[in-house]
Amino acid sequence: MTDVILNDGVTPEAQTQAVRDLLATTPDKQLFINGEFRAPRSGQYLETHDPATGKVIARIANASEADVNDAVSCAQAALKGPWSKITPMERAGILNKVADLIEANIDELCELEILDQGKPWYVARWAEIPAAANQFRYFAGQAMNIEGQILNTSINYQPEGRDVQAWTVREPVGVVAAITPWNSPLVLTAMKLAPALAAGCTVVHKPAELTSLSALRLAELIHQAGVPEGVMNVITGEGAKTGSCLANHMGVSKVAFTGSTSTGRAIVDASKSNLKRVTLELGGKSPAIVLPDANLDLAIPGIANGIFFNSGQVCVANSRTYIHRSIFDQVLEGIAGYGAGLQLGHGLNRETQMGPVVSVDQAEKIESYIKTAKNEGATIVTGGQRLGSNGTFIQPTVVTGTQLNSAIHCEEVFGPVIVAEPYDDINDAIEWSNNSEFGLASSIWTQDFTHAQRLSRQIQAGTVWINSHSMFDASMPIGGIKQSGYGRDSGKLALDNYLDWKTICAVV
Ligand code: ADP
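First residue of the sequence shown: 491, per my numbering; consecutive thereafter.
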């Protein structure tokens with residue numbers, strides 16, 4: 491059993507001077523508007539904590555309506571400035587430079603993200619921060635691929651002796667509000683900012699109040715890469731105040747949102763103000779289906795990693811798994827053993843395999859799901875406890891014997907908690923998978939690729955992985971169906987979120 495927390499209650503020494511300075515001074519972090527840091531007009535700040543120790547690491551500005559207005563006005567002005575004149579190749583050059591700067595500052599960005607969010611070093615250093623850089627590189631390429639069409643018209647009422655020529659062009663949609671969550675702050679931000687900037691939009695970014703530090707540093711790097719003043723702005727603050735004000739703003743043309751389904755609904759309501767466009771990447775309860783012929787050397791660590799990576803705070807995490815009864819005990823034991831063997835600790839410690847969850851509220855929410863499941867008669871195969879003296883550590887937890895309609899089985903727990911149940915008939919596993927308000931992701935584990943391919947068409951989800959889970963690439967569209975949202979991040983499709991079509995028709 492995992493019962494030791496590395497560096498319990500202690501902050502290990504940071505490797506970068508910037509983060510050592512941050513820890514030494516507990517600074518007030520300002521808003522980033524029009525290419526400079528500015529104190530909020532509200533004069534208000536919110537504390538931000540290290541979830542591994544509970545200590546305050548900085549205060550972030552709590553932007554008021556006046557601050558949001560400033561940021562949106564600057565973004566509107568910047569739409570008409572030099573940003574609208576630069577060539578696609580120059581824009582691509584700037585985006586590639588952003589990627590270079592992320593890579594040049596990768597250790598600092600990782601340490602900021604670890605302190606603010608709680609993730610382990612390896613998650614930040616080898617998965618998320620490089621993936622953020624890749625988003626900018628991928629969309630640098632896409633910036634040079636924005637094309638309209640020549641239209642083949644049948645208009646026969648043009649003046650005698652004249653021709654009609656018609657074509658479409660693509661134009662940036664305008665000011666984009668990027669509203670992002672706290673689970674993977676920098677990479678999820680990059681997934682909005684890179685295509686928005688590639689399309690020629692200007693951006694006001696509202697990061698999650700729990701994890702705003704890396705976003706402020708990224709804005710500085712984007713500015714350093716050569717983006718003109720006002721193109722990239724960051725306003726920090728509470729969701730219900732700063733976020734809501736931004737989502738309602740008449741000067742915003744599009745909201746790109748990742749977060750909970752309930753906040754997604756609030757964003758749709760807010761969008762009615764000026765019928766701004768919205769894309770939503772929301773919650774999930776993604777199933778992993780393990781067939782009797784699965785390669786268990788792949789399936790057991792793959793499924794365990796799919797739920798315990800980033801302490802289960804991943805929107806696509808396989809938080810439920812349906813395992814064929816013939817191999818159920820073996821797979822259950824394997825996943826539980828993997829979880830119980832994970833080393834918990836502070837993310838700055840390089841040996842840590844799983845960090846805390848992001849906040850006290852989140853830890854209490856997860857504990858409550860586990861407690862309710864126990865009261866309803868479910869079996870906790872491993873884990874189930876909160877650990878440590880100061881941080882918000884939850885043991886990797888495996889639960890079985892749940893009712894199909896119970897909260898832990900249906901709702902998004904967003905923690906290191908997996909529900910595992912046996913099935914006899916694959917049709918039941920498919921039906922249970924689809925019997926969900928969510929439709930974000932899923933995985934199928936089998937060595938029969940033809941069968942997997944057929945099953946992949948029956949699953950209601952935005953992504954189906956075969957013999958893997960949570961595999962991402964900047965080229966692969968990601969997003970949901972049903973109440974997991976609409977629109978896609980990553981891939982060519984994502985660029986469309988930030989572009990309008992204009993039709994031009996000429997008598998020549
Ligand atoms: P969680 O509930 O897990 O904290 P949210 O979906 O509420 O996640 O948060 C995602 C992002 O949405 C955060 O940046 C948060 O500040 C913001 N947010 C929360 N409420 C609103 C709202 N009513 N309008 C706009 N943004 C919001």
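From the three backbone atoms N, C-alpha and C, an ideal C-beta is built for every residue, glycine too.
Under a Cβ-count criterion, where at least 16 other Cβ atoms within 10 Å of its own Cβ denotes burial, should Leu-678 be classed as buried or exposed?
buried
If Ile-825 sits next to Val-888, beta carbons under 8 angstroms apart, how far is it from one beta carbon to the other, in whole angstroms?
6 angstroms
The stretch 662 to 672 contacting the stretch 693 to 700, beta-carbon criterion three pairs below 8 angstroms:
yes
Can you tell which of Asn-957, Asn-800 and Leu-877 has the C-alpha that lies nearest to the C-alpha of Val-942?
Checking the sequence, you will find Ala at residue 942 rather than Val. Here the closest residue by C-alpha is Asn-957.
Just the C-alpha distance for Ile-971 and Gly-952, rounded to the nearest angstrom, thanks.
6 angstroms
Assigned secondary structure, Trp-672 (DSSP; H/G/I helix, E/B strand, else coil)
coil
How would you call Ile-898, buried or exposed, if buried means at least 16 neighbouring beta carbons within 10 angstroms?
buried
Proximity of Ser-974 and Gly-774 at Cβ, strictly below 7 angstroms
yes
Taking the straight line between their C-alpha atoms, what separation do you get for Asp-493 and Asn-865?
For Asp-493, the predicted model reports a pLDDT of 46, less than 50, meaning its position is unreliable and no value from the coordinates is stated.
Should Pro-671 be counted as a contact of the ligand ADP given a C-beta to heavy atom distance under 6 angstroms?
yes
Say the cut is 6 angstroms; is the CB of Gly-733 nearer than that to a heavy atom of the ligand ADP?
yes
So is Arg-815 buried or exposed if we call it buried at 16+ other beta carbons inside 10 Å?
exposed
In chain order, what residues of the same chain lie with their CB nearer than 6 angstroms to the CB of Ala-680, ignoring the 5 residues before and after it?
Ala-622 and Gln-625
Kindly provide the ranges of any alpha helix (DSSP H) runs that are 4 or more residues long and lie completely inside the stretch 633 to 712, ordered along the chain.
675 to 688
Should Thr-882 be counted as a contact of the ligand ADP given a C-beta to heavy atom distance under 6 angstroms?
no
Our contact map puts Gly-456 next to Ala-794 with C-beta atoms below 8 angstroms; I'd like the distance itself, whole angstroms only.
For the chain, the structure presents residues 491 to 998; residue 456 sits outside this window and is missing.
To the nearest angstrom, how far is it from the Cα of Val-558 to the Cα of Ala-863?
42 angstroms
Hey, Glu-661 and Lys-992 are a contact pair by Cβ (cut 8 angstroms); roughly how many whole angstroms apart?
6 angstroms
On the three-state DSSP scale, how would you describe Arg-944?
helix
Here's a check: name, in chain order, each residue in its chain whose Cβ is nearer than 6 angstroms to the Cβ of Gln-566, leaving out the five neighbours to either side.
Val-665 and Gly-741
Cβ contact (3+ pairs, closer than 8 angstroms) linking the stretch 702 to 717 and the stretch 510 to 523:
yes
Note down, in chain order, each residue of its chain lying with its Cβ closer than 7 angstroms to the Cβ of Cys-564, except the 5 sequence neighbours on either side.
Ile-523, Asn-524, Gly-720 and Asn-723
Skipping 5 residues on each side, what residues in its chain have a beta carbon closer than 6 angstroms to that of Ala-589?
Ala-623, Phe-626 and Arg-627
Phe-904 - DSSP class collapsed to helix/strand/coil
coil
Any idea what DSSP makes of Lys-972, helix, strand or coil?
strand
If distances are taken between C-alpha atoms only, which option among Val-821, Ala-807 and Ile-645 comes closest to Leu-788?
Val-821
Between Glu-927 and the ligand ADP, is the CB less than 6 angstroms from at least one heavy atom?
no
I want to know whether the stretch 806 to 815 touches the stretch 920 to 933 - three or more CB-CB distances under 8 angstroms.
yes
What three-state label does DSSP hand Arg-978 in the structure shown?
coil
Between the alpha carbons of Lys-587 and Gln-607, how many angstroms are there, rounded?
26 angstroms
Reference Phe-939; option with closest CA among Gln-950, Ile-725, Val-954 and Gly-729
Val-954
Check whether the Cβ of Glu-771 lies closer than 6 angstroms to any heavy atom of the ligand NAP, and answer yes or no.
Summarising the ligand content, the structure contains the ligand ADP and does not contain the ligand NAP.
Assigned exposure category for Cys-735 - 16 Cβ within 10 Å defines buried:
buried
Shortest alpha-carbon distance to Asp-783 belongs to which of Thr-501, Lys-575 and Gln-937?
Gln-937
Could you check if Gly-774 belongs to the surroundings of the ligand ADP, using beta carbon to heavy atom distance under 6 angstroms?
no
Compute the minimum distance between the beta carbon of Thr-753 and the heavy atoms of the ligand ADP, and state whether it is under 6 angstroms.
yes
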